[in-house]
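Chains as they are written, first to last, in our numbering: chain A, 98 to 213; chain B, 1073 to 1188.
Dropping the structure here:
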């Protein structure tokens, strides 16, 4: 069974500082990994995904994440935070129960606050 | 522009009443999903459908029902059997798995359901 753990339900950074949101997963098969962002009262928007190939994945809005199999991690980073980055971020792993399509298991989310 | 439309944005239910949440997509996606979001718990899968006239229970299907009569539409009914229906409900869709693994899910903007 797959699971996702996001360390830190709330993270605060200063504008211009490095953003680091942590995600660890467990999976019995090679995982597909995703980061989504959610703004208040809206749906989720895909930031980036890892399926196969290059382990450093670049996404939208200057975010990137690195798949580290040895550490079972997929941390999200951005070199310089902007006020508009304030939102909730979800890490997700793709799973496939037997006989069905792949589904997503989500972490519990990390609320990012950007301080002026 | 293609996307997913959920309606209404806010919905109120009286005790003992069934309510139906609408989800329509024009992305030509085969698979559709319903999630429930509660604070601090991430997203939990209620039902999903891979093709028309077929759907499967997710992790928390009790008290909910769905139908998939058209490719574009996947309505969710919250029945009176769901004892704690107050939550934010998100609908999503994705390409079929036969078109490549790791396809991301695209989300609507959600419906917030409250009990009167």
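Glycine residues also receive a C-beta, built at the ideal position from the N, C-alpha and C atoms.
Remember, predicted model here, so these are calculated numbers, not experimental data.
- Query: So, residue 1109 (chain B) versus residue 1162 (chain B), is the Cβ gap smaller than 8 Å?
  - Reply: yes
- Task: Can you pull the chain A residues whose beta carbon is under 7 Å from the beta carbon of residue 1120 (chain B), in chain order?
- Result: 200
- Message: Quick check: the Cα distance between residue 1076 (chain B) and residue 1117 (chain B), rounded to an integer number of angstroms?
- Response: 17 Å
- Message: Taking the beta carbon of residue 150 (chain A) as the centre, do at least 16 other beta carbons fall within 10 Å, making it buried, or is it exposed?
- Response: exposed
- Beta-ladder partner(s) of residue 1133 (chain B), from DSSP: None; residue 1133 (chain B) has no bridge partner.
- residue 1184 (chain B) to residue 118 (chain A) span [Cα, whole Å]: 27 Å
- residue 149 (chain A) bridges to which residues according to DSSP? DSSP, once it has assigned bridges, lists no residue as partnering residue 149 (chain A).
- Message: Cβ closer than 8 Å: which chain B residues qualify as neighbours of residue 139 (chain A)?
- Response: 1181 and 1182
- Message: Taking 8 Å as the threshold (beta carbon to beta carbon), is residue 1097 (chain B) in contact with chain A?
- Response: no
- Proximal residues of chain A, C-beta to C-beta of residue 1176 (chain B) below 7 Å: 131, 143 and 146
- Query: What's the C-alpha gap between residue 115 (chain A) and residue 164 (chain A)?
  - Reply: 18 Å
- Thinking C-alpha only, which one of A:111, A:127, A:105 and A:108 is nearest residue 98 (chain A)? A:127
- With a cut-off of 8 Å, do at least 3 Cβ pairs link the segment 1145 to 1163 of chain B to the segment 157 to 177 of chain A? no
- Applying a beta-carbon distance threshold of less than 7 Å, which residues of chain A neighbour residue 1114 (chain B)? 187, 203, 204, 205 and 206
- Message: Between residue 1171 (chain B) and chain A, is any beta-carbon pair separated by less than 8 Å?
- Response: In this predicted model, residue 1171 (chain B) has a pLDDT of only 49, less than 50, meaning its place in the structure is not dependable enough to derive any value.
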